[in-house]
Amino acid sequence: EDYNDPGRFTAFIGYEWTSNTGGNNLHRVVIFRDDADKASVVEPYTTLAPLGSDNPRDLWNWLNAYEGKTGGQVLAIAHNGNLSNGIMFPILDSFTGRSFDRAYAETRAKWEPLYEATQIKGDGEAHPFLSPNDEFADYETWDQGNLDLSVPKENDMLQYEYARTGLQTGLQLQRELGVNPYKFGMIGSTDSHTGLATAEEENFFGKHSGVEPSPERYKHPMAQIGDKKYESWQMVGSGYAAVWATENTREAIFDAMMRKETYATTGPRMLVRFFGGWEFTEEDAQSRLPANAGYTKGVPMGGDLTPAPSGKAPTFLVAALKDPLSGNLDRIQIVKGWLDDDGNRNEKVYDVAWSGDRRPGSDGKLPPVGNTVDVANATWTNTIGAPELISVWTDPDFDADVPAVYYARVIEIPTPRWTAYEAYRFGITLPSEVPMITQERAYTSPIWYTP
Numbered sequence: 132e133d134y135n136d137p138g139r140f141t142a143f144i145g146y147e148w149t150s151n152t153g154g155n156n157l158h159r160v161v162i163f164r165d166d167a168d169k170a171s172v173v174e175p176y177t178t179l180a181p182l183g184s185d186n187p188r189d190l191w192n193w194l195n196a197y198e199g200k201t202g203g204q205v206l207a208i209a210h211n212g213n214l215s216n217g218i219m220f221p222i223l224d225s226f227t228g229r230s231f232d233r234a235y236a237e238t239r240a241k242w243e244p245l246y247e248a249t250q251i252k253g254d255g256e257a258h259p260f261l262s263p264n265d266e267f268a269d270y271e272t273w274d275q276g277n278l279d280l281s282v283p284k285e286n287d288m289l290q291y292e293y294a295r296t297g298l299q300t301g302l303q304l305q306r307e308l309g310v311n312p313y314k315f316g317m318i319g320s321t322d323s324h325t326g327l328a329t330a331e332e333e334n335f336f337g338k339h340s341g342v343e344p345s346p347e348r349y350k351h352p353m354a355q356i357g358d359k360k361y362e363s364w365q366m367v368g369s370g371y372a373a374v375w376a377t378e379n380t381r382e383a384i385f386d387a388m389m390r391k392e393t394y395a396t397t398g399p400r401m402l403v404r405f406f407g408g409w410e411f412t413e414e415d416a417q418s419r420l421p422a423n424a425g426y427t428k429g430v431p432m433g434g435d436l437t438p439a440p441s442g443k444a445p446t447f448l449v450a451a452l453k454d455p456l457s458g459n460l461d462r463i464q465i466v467k468g469w470l471d472d473d474g475n476r477n478e479k480v481y482d483v484a485w486s487g488d489r490r491p492g493s494d495g496k497l498p499p500v501g502n503t504v505d506v507a508n509a510t511w512t513n514t515i516g517a518p519e520l521i522s523v524w525t526d527p528d529f530d531a532d533v534p535a536v537y538y539a540r541v542i543e544i545p546t547p548r549w550t551a552y553e554a555y556r557f558g559i560t561l562p563s564e565v566p567m568i569t570q571e572r573a574y575t576s577p578i579w580y581t582p
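In structure tokens form, the structure reads like this:
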């Protein structure tokens, strides 16, 4: 409370609820819109009986009771579905084994408007097993097992762990229940326990004080059971939450999170806009203020498209501006998810804007942007890529009778990973399996279409 300075620096009151039954991660971050006078009326809800529970349903009941008691507002943000072993975005209740009902869908959608799609314990946007045609899906993947590695990962679990398939599963449940429980926006965060906002690769201080920069850090085990382990070199220098709020206050930022006008980045402070509508034209991509057209003609990230005009396909205005201290931009993509006539999940990744004069090949794939990274010296040059990209894109495969979800993904050019900086600064040689190059990225909150 002492550090909250409206208009200059916003400090939220919140805590982490750490459900971890059987080693399966169901952690949530609880954030209050309110000041200390309201938030201090209650004790934080724990996962330990008899005062608490590890079931998210009970957490939501507590959130509801808090609002009823204080007149305040609160939300929860789940993270690390990649370490949940298939219970973050399930189709059956993992605590009872029963099918979900409409009340479950309404309750989850109300209290969990956002999902933390990237952080220090792995990226959670997509997985190469689920998205084999996506060359960017295998990014900082943690998939050996659950949080403490007590249960190995099975491929069938993956579809219920990642944001992309979670959004598609939400469409399936909406068709069944009438409400989408997985209608979430996206943010990133570090999940570090240092109190430091150090998601930059060149300034990465790790998960906790035991894995601060040192010549030995890379081989410190984060979790280990038998021959399975996560070593410290697998930590991800990620991520950040970006929020399009009307002002820098608790109230405005919280309200923007509730309407899902947010995006995740893996560390860079790039600016990203994403709007959907039916009337965007190429002229809108010539503007230095794309948000003017975006709000006038459409809905922002986190929103719902209006009903489809007869014979029209949705148009999307997407723009990205690089972090001035990071790499140039390689490309902007739009990821679409939809259901076929049998209710099966489908997805496609479209390149909609890119740097240079590259052209897609016969396979439809855009050639790589190139690579200027000097690993030995942990440097790169911005002689490739673009400082900004903007495009208006029309869905070429639109079917007005089919529900769909769209989000934008922005990819940077290759830059040194934090391990490259570590090797350079300490003069050490890391094992060959340690990645030294990364392609940072951003994920916007989706825009939904419902027939």
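Residue numbering for the sequence shown follows this note's numbering, beginning at 132 and increasing consecutively.
Backbone N, C-alpha and C define an ideal beta-carbon position, used for all residues, glycine too.
*F482 in three-state terms, based on DSSP*: This sequence places Asp at residue 482; Phe is not what is there. Here D482 sits in strand by DSSP.
*Anyone know if the C-beta pair for L194 and W242 falls short of 8 Å?*
yes
*Would you mind stating whether A248 and G301 have Cβ atoms separated by less than 8 Å?*
no
*Taking DSSP as the reference, what is the three-state secondary structure of L157?*
coil
*Run through DSSP, which three-state label would Y574 get?*
strand
*asked:* Would the segment 444 to 461 count as touching the segment 536 to 546 if we require 3 or more Cβ pairs under 8 Å?
replied: yes
_As a quick exercise: from N379, Y580, A376, pick the residue whose alpha carbon is nearest that of K467._
Y580
*Straight-line Cα distance separating N211 from L327*: 20 Å
*Under the three-state DSSP convention, the category E256 falls into*: coil
*Go through its chain and collect everything with a Cβ distance to V173's Cβ below 6 Å, but skip five positions before and after it.*
Y197
*Whole angstroms is fine: what's the gap from K252's alpha carbon to S441's?*
45 Å
*Would you kindly work out how many angstroms separate the C-alpha atoms of K314 and W511, rounded to a whole number?*
38 Å
_Suppose contacts are defined by Cβ-Cβ distances below 8 Å. Is G255 in contact with G433 by that definition?_
no
_Distance between I208 and P491 (C-alpha atoms, nearest Å)_ = 38 Å
*Nearest to P221 by CA position, among A395, T321, L179, Q290, is which residue?*
Q290
*State the start and end residues of the unbroken beta strand (DSSP E) segment that holds G429.*
429 to 431
_Only counting the same chain, and skipping five residues up and downstream in sequence, which positions put a Cβ closer than 8 Å to that of N379?_
P137, G138, R139, F140, T141
*Any chance the segment 379 to 388 sits against the segment 412 to 432, with 3 or more Cβ pairs inside 8 Å?*
no
*Which of helix, strand or coil DSSP assigns to K453*: coil
*Can you list, in chain order, the residues of its chain whose CB lies under 8 Å from that of N477, leaving out five sequence neighbours each side?*
Q299, G468, W469, L470, D471
*asked:* Just to confirm the assignment, what range does the alpha helix (DSSP H) spanning E307 have?
replied: 294 to 308
*Under the three-state DSSP convention, the category S363 falls into*: helix
*Which one or two residues does DSSP pair with A207 in a beta bridge?*
V161
*What is the residue span of the beta strand (DSSP E) that D494 lies within?*
It is not in any beta strand (DSSP E) - D494 carries neither H nor E in the DSSP assignment.
*Smallest Cα separation from A484: which of G516, H324, R229, T503?*
G516
*Any chance you could list the alpha helix (DSSP H) runs of at least 4 consecutive residues sitting entirely within the segment 362 to 432, in chain order?*
381 to 389, 421 to 428
_Rounded C-alpha distance that separates A170 from T201_ = 8 Å
*Along the alpha helix (DSSP H) that carries W191, what are the first and last residues, could you check?*
187 to 201
*asked:* My output table needs one value for N508: the three-state DSSP class, helix, strand or coil.
replied: helix
*Examine the Cβ distances between the segment 261 to 269 and the segment 339 to 352 and report whether three or more of them are shorter than 8 Å.*
no
*Taking the C-alpha atoms as reference points, what is the distance between K391 and Y246?*
10 Å
*So, using beta-carbon positions, are A330 and Y574 closer together than 8 Å?*
no
_Taking only three categories from DSSP, how would you classify A240?_
helix
_Short Cβ contact (8 Å threshold) for S225 with N156_ = no
*Near I568, which residues of its chain fall below 8 Å by C-beta distance, leaving aside the five closest residues on each side in sequence?*
N502, V504, V506, P545, T546, P547, R548, A551
_Pair within 8 Å by beta-carbon distance, A424 and F529_ = no
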